[in-house]
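Colleague: If you want our numbering, it's the position in the sequence shown, counting the first as 1, plus 659.
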Amino acid sequence: MEQYKQEFIEFMVDSNVLKFGSFTLKSGRQSPFFMNAGSYVTGTQLRCLGGYYARAIHEKYGDDFDILFGPAYKGIPLGVATAMAYSELYGKDVRYSSNRKEAKDHGEAGILLGSGMKDGDRVVIIEDVTTSGKSIEETYPIIMAQAKVEIRGLMVSLNRMEKGAAGDRSALEEIRERYGFETAAIVTMGEVVEHLYNRPYKGQIYIDDATKAAIEAYYRTYGAGELALK
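1. Can you check DSSP and say which residues form a bridge with PHE682?
2. Any idea what DSSP makes of LYS777, helix, strand or coil?
3. Look up SER698 in the DSSP assignment and say whether it is helix, strand or coil.
4. Indicate whether ASN758 and ILE810 have their beta-carbon atoms separated by less than 7 Å.
5. Rounded C-beta distance between MET814 and TYR712? I'm assuming under 8 Å.
6. Below 6 Å, is the gap between the Cβ of ILE864 and the nearest heavy atom of the ligand PLP?
7. For TYR860, name the three-state secondary structure that DSSP assigns.
8. Can you give me the C-alpha to C-alpha distance between ARG754 and THR798, rounded to a whole angstrom?
9. Kindly identify the DSSP beta-bridge partner or partners of PHE728.
10. When the Cα of GLY775 is compared with those of ILE874, ALA804 and ALA873, which residue comes out closest?
11. Considering only residues of the same chain and omitting the five flanking positions on each side of PHE840, which have a CB-CB separation below 6 Å?
12. Check SER829 in the structure and name its three-state DSSP category.
13. When the distance is taken between beta carbons, is GLY779 closer than 7 Å to GLY823?
14. Roughly how many angstroms separate the alpha carbons of ILE864 and LYS807, rounded to a whole number?
15. From SER794, VAL783, LEU708 and ARG819, pick the residue whose C-alpha is nearest to that of GLU875; which is it?
16. Look at the alpha carbon of SER794 and the alpha carbon of GLU661, and state the distance between them as a whole number of angstroms.
17. Where VAL851 and GLY710 are concerned, what is the direct C-alpha to C-alpha distance, given to the nearest angstrom?
18. Considering only the beta carbon of each residue, do LEU737 and ILE785 sit closer than 7 Å?
19. Quick check on DSSP: helix, strand or coil for SER674?
20. Which residues does DSSP pair with GLY882 in a beta bridge?
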């Protein structure tokens, strides 16, 4: 596992973004872990987060894109932080864009915040986590209505590695098959378990035998095909 991925896992724990216990998800599933990007609340955290996204995007998609699109609301700070980090790390100025929940009908009217889009633009969508793929159902038509753009791919912070809404495939796989663009994550839940299982971090073990057993039980029910936790 790449060093930056190990650091990102520890960063999520330090930021109280990744938690272990018992959590009821929006889907109704009872999960032994929970990830909430809304817990990144400081300037230092956002600066670090943008850097991790930038590294993962650079590794997956290179520099072959023009716009980072972060769906409202959580995607707005993600897009801004990552665009800044991309400039600092790779010397490439990419534009950031987001949608408004309601179109603005005065001043600079329209549905977008940040950069507009033009024919030929290449877009990377950036989100915190995708469980069902519902957010892409809303985001995709908004982007495609702006201009004849190419969506290079989607980057999320954590691949939960569980079944999406339509069957045994993960949400990221379903998005890839339905829309025809690549999907990726900074880390997978499998990598989280690999890195934290019975390994003390700052004097604490976050995934002990009992927690690992709960995660494995969860994936026996909700694990997504070949992405199910081994």
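Glycine included, every Cβ here is placed at the ideal spot set by N, Cα and C. Bear in mind that the values here come from a model prediction, so they are computed numbers and not experimental data.
Modeller: Taking the structure as given:
1. Note: PHE682 is bridge-paired with SER690 in the DSSP secondary-structure output.
2. LYS777: coil per DSSP, three-state reduction.
3. Taken through DSSP and simplified to helix, strand or coil, SER698 comes out as helix.
4. For the 7 Å CB-CB criterion, ASN758 and ILE810 do not form a contact.
5. Going by Cβ atoms, the distance from MET814 to TYR712 rounds to 6 Å, so yes, they are a contact pair.
6. Questions concerning the ligand PLP fall outside what the structure shown contains, since it holds no ligand whatsoever.
7. Strand, per DSSP.
8. Those two C-alpha atoms are separated by around 17 Å.
9. Looking at the DSSP assignment, PHE728 forms a beta bridge with SER756 and ILE784.
10. Looking at the Cα atoms, ALA804 is the closest of the given residues.
11. Within the same chain, PHE840 has close Cβ partners ILE810 and GLY812.
12. Here SER829 sits in strand by DSSP.
13. In this structure, GLY779 does not lie closer than 7 Å to GLY823 by Cβ.
14. For the pair ILE864 and LYS807, the Cα-to-Cα distance works out to about 49 Å.
15. Answer by Cα proximity: ARG819.
16. Cα atoms of SER794 and GLU661: separation of roughly 29 Å, rounded to the nearest angstrom.
17. So the two alpha carbons sit approximately 19 Å from each other.
18. In this structure, the beta-carbon distance from LEU737 to ILE785 falls below 7 Å.
19. Reduced to three states, the DSSP call for SER674 is coil.
20. GLY882 is bridged to GLU821.
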